Amino acid sequence: MKAQNPTVFENEDLVFDLETRKLLKISDRLKLYLGEDFIKEVKYLDEFDKLTSPLADDCARIARSYTQSGDQKTNYVLNWRGNEFIVNELGWVDHNKNSFHLMIHFQDRKNIFEVSEDALLEIVEKMKSPAILFDQGLKRAIAVNSSIVPLLKKPVSELASGFFIREFFVYEDQYEEVTSWVAENKTSSFSIVTKLNLEKPEGVWYEMDLFKTCPGEEMLVLCILKNITKQKETEDQLKRSNELLSRVVEVQSHFLSQSEGANPYDLLLSNILRVIDAKLGFVGKVDLFTDGEKALKIHAATDFSQQGEAASKLYHDHIKDNFLFRHLDNLFGACILESKIILENNPKSNPHTKGKYIPGHPQIDNFLGVPIFKGNDVIGLIGLGNKEGGFTEDDIADLKPFITTYSVIIEAFKSEQDKIKFEKESLVKAQILAKIADHSPDLIVVMNDISDFEFISPSTYQFFDGGIKEEEMQRKIRVLLKKTLSSEFRMSSVRYRSRLKLNIKSEGECWVESNVNILYEGSKRKVIAVIRDVSSQMVFEQRLIESLKKEKQFNSFVSDFMNIVSHEFKTPLATIISSLELSKHYLDNVPENADIQKLKVHFGKIERELDNLHKLVIHSLDYERFVNNSPVLKKDRVSVVYFVEEVLQRHGLLYQVELIKDMPFDQIVEWDKFLIETSIINLVGNALKYGGDIQKPIVRLFHKSNAFGIEVRDFGLGILEEELPYVFTPFFRGSNVNGIEGTGFGLVAVKNFVQLHGGTVKIDSKPNKGTSVRLSFRQ
């Protein structure tokens, strides 16, 4: 198959079809250089090969491959019209089009570009790459092609008088290499990778190919440019990456190869400073104290002790303090506390350092702090300072492999320390457990599965009669453990607990409790059992069950009795109250005298006592109803603030207390209004009765993120500390109430009512200082 359009780019010198071996293309440069006769005589690849011979005497032919991919370079002699040209050939195969491509570079000075000046100028003009033809001294541009013009940073009008090649070079030493080549007579071509002042203000990397030619008596220099900025950047990046990798591997190898206690941190810091080119630096880990405060423990830091007496004192003070920095009100502290990278090229203006001066500390011209993270927590810090020209984002990117390495080292060191600590603690625990096993009255057994005994505590013989053989004792333990390791006593996949009545002693049966745990070590199963004689405990529990049964019977009797008494009291009480009201009515119509006044006083006492007795009966019935969990709440949606204020207003209590509303008005709840109202009136009534006259009771409505409620506080009698546990017991009243009326049911009712709403009641009280009752409800 013949190749179609085989050229890859226009600077190829020769292209041959590999199937027919026919010449498909010859460059204008080669035509001008070798003449038109070359085309007439070389029409096939084989004809071209006949004109070539190897440079080395021991080589019979030129080595080429028409099957491999990529560039192929070879040197040989081209014999043409009696002249021998030393050639550097660059060739490649286009496998898709089955063609072979060649670029021919002549190295022999005497025969290079021996063409007319007109032909040479035509070559420069037709070149696609930027090209300039200079005089021998490289001081005057004879010809410039159109590709060079867009690259010039100066207007062409300013260069009308010509320009020097020296103006192109960014680096003086590269220019000197070119002038040295021009001056010597060894080679006719020269290639250099250089940075030139073209295209961009900072310059651009080019591959510069230079050729000496003599179109006349004067030698000229042809300069051809190829932009290789991307290639150069890739090479530099690869070189820097390799350097970074090499330094990181060096640190890791040092850390892994050293024995316990080795310090790889100095090497880590040294490599970081070399890569980033900073003058100062440190690496350290973050310690967390028991009070939650953080500190920075420096692992390695630049030694600045030689910078004067104050610097020496400061540095050695840090050594004495173990390089532990507890004060984090500075730039590196901000990195830790704010969990962020800080790049600051003007530290004096930064709020974290402004106005701070530490005698002996080196002046910091710029700073870069990079935290080391584990999850969201900062576990370490790399801090650098005083880089010439300041820090950039590229420095942060260069630090990434060191950050990863340092993070691994910190965690590895921590793991090693934790391992040592664990081993020490395990040893101590093992010693403690051994002592416990030796002296414990419980029988402790460790078995390999359920067959072989690994350990039996010395207390074994307390469980069995004296003189029992070890084989018989082990058999009985196995039987006990097999019974325990059944589904009946299973508490979890690895835990079992049983209580069994066994005949293991001559004095009769006894109760034994077995707690068995299963541990797995790979595929092996271990059984750890703690066996205890609980005969006395079982006797006590049996007695307790009987006592609870009797108490339940008694409580049932009391409940029935109170129901009967309360219901039996209600009718006569109602009759007495009704008769008392009629008597008062008749008494009010009798003319006043001293005897009538006395009668009214006694009627008032009777009325108050009847009222107390009536309340006692009602509270007794309420208590029984709530004890039996029989109430059904009738809930309504209410605003807490408006509801409490309305209750106090309706009962004439609003102006007798100080109401504090620490709660939004839109706090809406669903309450049984009767029960909560009864609770509020009960608490406020108690506060007024027992609160004294020094200060009004306070009713405070409070609101938090997860709770809200009502607090009633007085400043009166208070409750004795030893009596506080009994305040919610029916009929209980404090010993210091001094004849103040009450039934002992108020707080009992309040607690029941609040608990029905999912709330809690808390009481704080001190004698002669007052009492605070707090009702809390979940949001």
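Residue numbers (our numbering): 27 to 805.
Every residue, glycine too, gets a C-beta built ideally from N, C-alpha and C.
In this text the structure is predicted, and so the values were computed from the model without any measurement.
Query	Result
Beta-bridge pairing of residue 361 - partner residues as DSSP gives them	Partner(s): none; residue 361 has no beta bridge.
The stretch 384-397 contacting the stretch 368-375, beta-carbon criterion three pairs below 8 Å	yes
C-beta contact flag for residue 745 and residue 760 at 8 Å	yes
contact_flag[the stretch 505-518, the stretch 452-464] where n(CB pairs < 8 Å) is 3 or more	no
Of the residues 753, 762, 690, 398, the one placed nearest residue 730, counting alpha carbons only	690
Continuous beta strand (DSSP E) assignments of at least 3 residues falling wholly in the stretch 673-748	684-687, 694-698, 724-729, 733-739
Buried/exposed call for residue 631, threshold 16 Cβ in 10 Å	exposed
Own chain residues within Cβ distance below 7 Å of residue 438, not counting five before or after	none
Which of helix, strand or coil DSSP assigns to residue 398	strand
Close beta carbons around residue 713, own chain, < 6 Å, minus the five adjacent residues each side	723, 738, 740
Residues that residue 554 bridges to, as DSSP identifies them	472, 543
Residue range of the beta strand (DSSP E) that includes residue 326	320-327
8 Å Cβ shell around residue 262 - same chain, five flanking residues per side excluded	none
Candidates 152, 72, 161: closest to residue 171 by CA position	152
Residue 460 (DSSP reduced to helix, strand or coil)	helix
Per DSSP, the bridge partner or partners of residue 169	159
8 Å contact criterion, which residue 116 and residue 77 should meet: CB distance rounded	The Cβ separation is near 18 Å, so there is no contact.
Under the three-state DSSP convention, the category residue 438 falls into	helix
Inter-residue Cα distance where the pair is residue 450 and residue 461	17 Å
Alpha-carbon to alpha-carbon, residue 766 and residue 715	7 Å
Cutoff 8 Å; reference residue 795; Cβ partners in own chain excluding five residues on either side	741, 744
Three-way DSSP call (helix, strand, coil) for residue 795 in this model	coil
Residue 38 classed as buried or exposed, judged by whether at least 16 other C-beta atoms fall within 10 angstroms	buried
Member of 206, 68, 610 whose CA lies at the smallest distance from the CA of residue 162	206
Residue 703, buried or exposed, once every other Cβ within 10 Å from all chains shown has been counted against 16	buried
Straight-line gap, residue 232 to residue 425 (C-alpha atoms, nearest Å)	30 Å
Distance, residue 416 Cα to residue 378 Cα	18 Å
Helix, strand or coil at residue 448 [DSSP, three-state]	helix
Contacting residues, own chain, Cβ-Cβ under 6 Å from residue 524 (five flanking each side not counted)	510, 515, 540
Rounded separation between residue 12 and residue 478 - CA only	Nothing about residue 12 can be read from this structure; the chain reaches only from 27 to 805.
Cβ-based neighbour list, residue 661, same chain, cut-off 7 Å, excluding 5 preceding and 5 following	696, 697, 698
Bridge-paired residues (DSSP) for residue 98	117
Rounded separation between residue 402 and residue 362 - CA only	11 Å
Residue 791, buried or exposed, once every other Cβ within 10 Å from all chains shown has been counted against 16	buried
Presumed contact (8 Å Cβ cut-off) between residue 92 and residue 126, rounded CB distance	6 Å
Between the CA atoms of residue 726 and residue 786 - distance to the nearest angstrom	16 Å
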